[in-house]
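Visitor:
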Ligand SMILES: [Zn+2]
Ligand SMILES: [Zn+2]
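Residue numbers (the numbering used here): 855 to 1115.
(1) Please state the DSSP three-state secondary structure of residue 1079.
(2) Can residue 1071 be considered in contact with ligand 2, in the sense that its beta carbon sits closer than 7 Å to one or more heavy atoms?
(3) Mind listing, in chain order, the residues whose beta carbon lies closer than 6 Å to a non-hydrogen atom of ligand 2?
(4) With DSSP as the reference, identify every bridge partner of residue 905, one or two as the case may be.
(5) DSSP on residue 1007, reduced to helix/strand/coil?
(6) Run the CB neighbour count on residue 1035, radius 10 Å, all protein chains shown included, and call it buried at 16 or more, exposed below.
(7) Who does residue 938 pair with in a DSSP beta bridge?
(8) Looking at C-alpha atoms only, which residue of 1045, 883, 906 is the closest neighbour of residue 984?
(9) What do you get for residue 906, buried or exposed, if any count of 16 or more other CB atoms within 10 angstroms of its CB means buried?
(10) Taking the C-alpha atoms as reference points, what is the distance between residue 993 and residue 974?
(11) Does ligand 1 have even one heavy atom less than 7 Å from the beta-carbon of residue 925?
(12) Buried or exposed for residue 841, going by 16 or more other Cβ atoms inside 10 Å?
(13) So, with DSSP's three-state summary, where would you put residue 974?
(14) Identify, in the order they occur along the chain, each residue of the same chain with its Cβ nearer than 8 Å to the Cβ of residue 953, setting aside the five sequence neighbours on each side.
(15) Opposite residue 1038 in the DSSP bridges: which residues?
(16) Tell me the rounded alpha-carbon separation between residue 941 and residue 899.
(17) Would you report the Cα separation of residue 858 and residue 1039, rounded to the nearest angstrom?
(18) Residues in the same chain with beta-carbon distance under 8 Å from residue 1101, minus the five sequence neighbours each way, listed in chain order, please.
(19) Pick helix, strand or coil for residue 867, following the three-state DSSP scheme.
(20) Looking at the unbroken beta strand (DSSP E) that takes in residue 1087, where does it start and where does it end?
(21) When you compare only the Cα positions, how much space is there between residue 955 and residue 930?
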């Protein structure tokens, strides 16, 4: 475990956007910025980096969680334009053709630490209808940021990765009742609800509560479904779980344009 000796930067994690229209997270590591996913076009990613006052030259690497378009759309062009390496699981590397189309692509082996931009980055397996999806745990001198998105269930590896994190960014995709009563066709509802689909508010809330400890300082809800969720349902589930264990943190919702609160 890293020691909590160095002072964290003011906002160590920022969001370019989250949801089915595109996902990208900027993590401030000691030696630069790590982008987790590049689900917007390269041009749009650069525009959003500008909005967050992140100089593109500070981006040191892109980590890709899985090959769905809302996570990889801009990765090839962006990696080339910024001349940065791309990291993913070996299955995602093949499925997203990163091995053929990115000049500088690397494999993250689950549970093994890889040094990126002065941080230790550790991939862990998630459960999603793609070849080899991962979540990401980023260990820095001041603490740990863990990102878990696009997973039908919290895997044992995800539970372990979340445990002593200082910052958690976790998918809160749907409210189960809204999904069941909503407009999606039956087969799509089954896909989302399956263990290889997307995470519900209640499942996210119980995993977050289980991972809570005194040094957890921020919790972000990712990848809300526009048809099957609203921020107040996320807050009701997650904040209620936090209140029950008397933890002072409250969830912040990340939308398609980032985190506004
Ligand atoms: Zn997604
Ligand atoms: Zn996905």
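Built from N, CA and C at the ideal position, the CB exists for glycine as well.
The structure presented is a predicted model; accordingly, all values stated were derived computationally and were not measured.
Guide: Let me spell this out:
(1) Residue 1079 falls in the coil class under three-state DSSP.
(2) The answer is no for residue 1071.
(3) Residues with their Cβ less than 6 Å from any non-hydrogen atom of ligand 2, running along the chain, are 920, 922, 982, 1004.
(4) Residue pairing by DSSP places residue 905 in no beta bridge whatsoever.
(5) Coil at residue 1007, not helix or strand.
(6) Exposed.
(7) DSSP output for residue 938 lists no bridge partner at all.
(8) With distances taken between Cα atoms, residue 984 lies closest to 1045.
(9) With fewer than 16 other Cβ atoms inside 10 Å of its own Cβ, residue 906 counts as exposed.
(10) Between residue 993 and residue 974, the C-alpha separation is close to 5 Å.
(11) Taking 7 Å as the cut-off, the C-beta of residue 925 counts as close to a heavy atom of ligand 1.
(12) Limits of the chain in this structure are 855 at one end and 1115 at the other, which puts residue 841 out of reach.
(13) Residue state, collapsed to three classes: strand.
(14) Answer for residue 953: 947, 959, listed in chain order.
(15) Its beta-bridge partners do not exist; DSSP assigns none.
(16) C-alpha separation (whole angstroms): 18 Å.
(17) Low per-residue confidence applies at residue 858: pLDDT is 47, beneath 50, and the placement is therefore not dependable enough to give any value.
(18) Counting only residues of its own chain and dropping the five nearest sequence neighbours on each side, residue 1101 has a CB closer than 8 Å to the CB of 1063, 1066, 1070.
(19) Strand at residue 867.
(20) No beta strand (DSSP E) contains residue 1087, which is instead part of the alpha helix (DSSP H) from 1085-1098.
(21) Between residue 955 and residue 930, the C-alpha separation is close to 7 Å.
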